[in-house]
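>
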Amino acid sequence: MHNERLAETMEFPPATPQPNVYPLSWRRQTGKLEEVWDAAQRENWDPKHLCWDTFDAESYSWEEREAIAYWWTLLSVFDASAPPVFASAFIKTYEAHEEDAVRRCFFSVTRDEQNHEQMCGLAITKLLDHEDPLTYEPKTELGRKLQKNAKWLYYNGGRYWSGYKAAVPKYSLAVLFSSFLMGEIAAATIFHQMAEGCREEVFKESFRNIGRDEGRHMAICMALMERDYPKMDLSDKPLITKQVRAGYLFLSAVLFEPPVDFWDLPNDFIANQRAGEEVARAAGFHIPGYEQKKENWKQAMLNLKGVLDRYDIPFPAIPEVGISGQEVTDIDMASIIPVF
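Below, the structure is given as structure tokens:
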């Protein structure tokens, strides 16, 4: 029974049933992760303390404000899920009795992603002068179309979160690392590009900070893969192949364009999004164009392929960006674990 007085019948307690966060230990093994943690401590930032005094939302037309806010809303679909996604992984590092530095690094990622979510919220609310993009009353026809897009994006995000909660307990940390790495490789690229091309100083500053964070997250995943993949269970390799394909389909919504056979979206979604991007670009908010997005994804996939090839993990075919590989077809929103 739960309330049995074991201490009256034995000198030492029995072992704690696992998985459990107890007993704690502070094992240190991977020096690279200590370096990443130290960098995370030095480079922590607060979105509220950026140069918002230089930003004047009223200097933009309402169409421009709604178009730029839409991009931040699109990003928020991914960055709003990232803090709880990494918080779940953070808890898993305790239950798996990971090394001390691994736990701290996953805590730092959770904190970073909270900053990214807050940045989305600050940008959206300042541009729209409203607390969220879904109950906001659009001022323009483009704004109405983009709000419809946003509602469908949030609906799909909810499907992803339900699937993620069910999937994480099933997967080893080694599988989670590969899924996380995919998002970090691509994210670091796009944020550096946007920082370079964006006119508004507060957005440039935020993109530089977010890009730097994503680079650290990538280093965490790489260090863990280098530690664990040489001894990986062979049965995990096909699962990683499947997750990479799932990650491409899921993250394409923010890094490229959402595949219509995976995302549940209306027929005019992509046309509306492209129209919004054109307005945002003309207003000085740099969003990579279609060909640049495609090239970014291709390079990110090739970089990830280079990592997985070292460990003889088959890479999936990504025909959308011209990469051949193993065909993967049985993907649904309820079984994917990537994060941005």
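Sequence positions in the sequence shown follow UniProt numbering and run 1 to 340. Beta carbons are placed, not taken as given, at the ideal position from N, Cα and C, and that holds for glycine.
1) By the 10 Å Cβ neighbour count, where 16 or more other Cβ atoms means buried, how is Glu-8 classified, buried or exposed?
2) By DSSP, does Gln-29 sit in helix, in strand, or in coil?
3) With respect to the alpha helix (DSSP H) encompassing Ser-324, which residues constitute its N-terminal and C-terminal limits?
4) Would you report the Cα separation of Thr-93 and Asn-44, rounded to the nearest angstrom?
5) So, using beta-carbon positions, are Cys-198 and Phe-285 closer together than 8 Å?
6) Tell whether a beta-carbon distance below 8 Å holds between Ala-246 and Thr-30.
7) Can you list, in chain order, the residues of its chain with a C-beta nearer than 6 Å to that of Tyr-229? Leave out the 5 residues immediately preceding and following it.
8) Look up Pro-14 in the DSSP assignment and say whether it is helix, strand or coil.
9) Verify whether the separation of the beta carbon atoms of Tyr-171 and Phe-250 is less than 8 Å.
10) Within 10 Å of its beta-carbon, does Lys-145 have 16 or more other beta-carbons around it, so buried, or fewer, so exposed?
11) Which residues does DSSP list as the beta-bridge partners of Ala-316?
12) On a CA-only basis, which of Ile-240, Arg-227 and Pro-47 is nearest Lys-126? Give me that one, please.
13) Can you give the Cα-Cα distance for Leu-6 and Pro-17, rounded to whole angstroms?
14) Please determine if the stretch 289 to 304 and the stretch 181 to 198 are in contact, where contact requires at least 3 C-beta pairs separated by less than 8 Å.
15) May I ask which residues mark the beginning and end of the alpha helix (DSSP H) holding Asp-213?
16) Evaluate contact between the stretch 261 to 269 and the stretch 195 to 210, counting only Cβ atoms and requiring at least three cross-stretch pairs below 8 Å.
Result, derived from the coordinates:
1) Sequence index remark: in the sequence shown, residue 8 carries index 8 (1-based). Counting every other CB atom within 10 Å of its CB across the protein chains shown gives Glu-8 a total below 16, marking it as exposed.
2) Position 29 of the sequence shown, counted from the first residue, corresponds to residue 29. Looking at Gln-29 - three-state DSSP - the assignment turns out to be coil, as it is neither helix nor strand.
3) Here residue 324 is taken as the residue at index 324 of the sequence shown, counted from 1. DSSP places Ser-324 outside any alpha helix (DSSP H), giving it a letter other than H or E.
4) Here residue 93 refers to the residue found at position 93 when the sequence shown is read from its first residue. Here residue 44 refers to the residue found at position 44 when the sequence shown is read from its first residue. Rounded to the nearest whole angstrom, the CA to CA distance from Thr-93 to Asn-44 is 22 Å.
5) In the sequence shown, counting from the first residue as 1, residue 198 sits at position 198. In the sequence shown, counting from the first residue as 1, residue 285 sits at position 285. With contacts defined by Cβ atoms closer than 8 Å, Cys-198 and Phe-285 form a contacting pair.
6) Residue 246 sits at position 246 when you count from the first residue of the sequence shown. Residue 30 sits at position 30 when you count from the first residue of the sequence shown. Ala-246 is not a Cβ neighbour of Thr-30, given a cutoff of 8 Å.
7) Residue 229 sits at position 229 when you count from the first residue of the sequence shown. Closer than 6 Å at Cβ, skipping near neighbours: Tyr-311.
8) Position 14 of the sequence shown holds residue 14. Three-state result, Pro-14: coil.
9) For the purposes of this step, residue 171 is taken as residue 171 along the sequence shown, with counting starting at 1. For the purposes of this step, residue 250 is taken as residue 250 along the sequence shown, with counting starting at 1. 8 Å or more divides the Cβ of Tyr-171 from the Cβ of Phe-250.
10) Position 145 of the sequence shown holds residue 145. In the assembly as shown, Lys-145 is a buried residue. Its beta-carbon has 16 or more other beta-carbons within 10 Å.
11) Residue numbering aside, residue 316 sits at position 316 when the sequence shown is read from its first letter. The sequence shown places Pro at residue 316, rather than the Ala named in the question. In DSSP, Pro-316 forms a bridge with Gln-326.
12) Counted from its first residue, the sequence shown places residue 126 at position 126. Comparing Cα-Cα distances from Lys-126 to each of Ile-240, Arg-227 and Pro-47, the minimum goes to Pro-47.
13) One-based indexing of the sequence shown puts residue 6 at position 6. One-based indexing of the sequence shown puts residue 17 at position 17. C-alpha separation (whole angstroms): 15 Å.
14) Remark: three or more beta-carbon pairs, one from each stretch, lie closer than 8 Å, so the stretch 289 to 304 and the stretch 181 to 198 are flagged as touching.
15) As a working mapping, residue 213 is identified with position 213 in the sequence shown. Unbroken alpha helix (DSSP H) run through Asp-213: 201 to 228.
16) No: fewer than three Cβ pairs fall under 8 Å.
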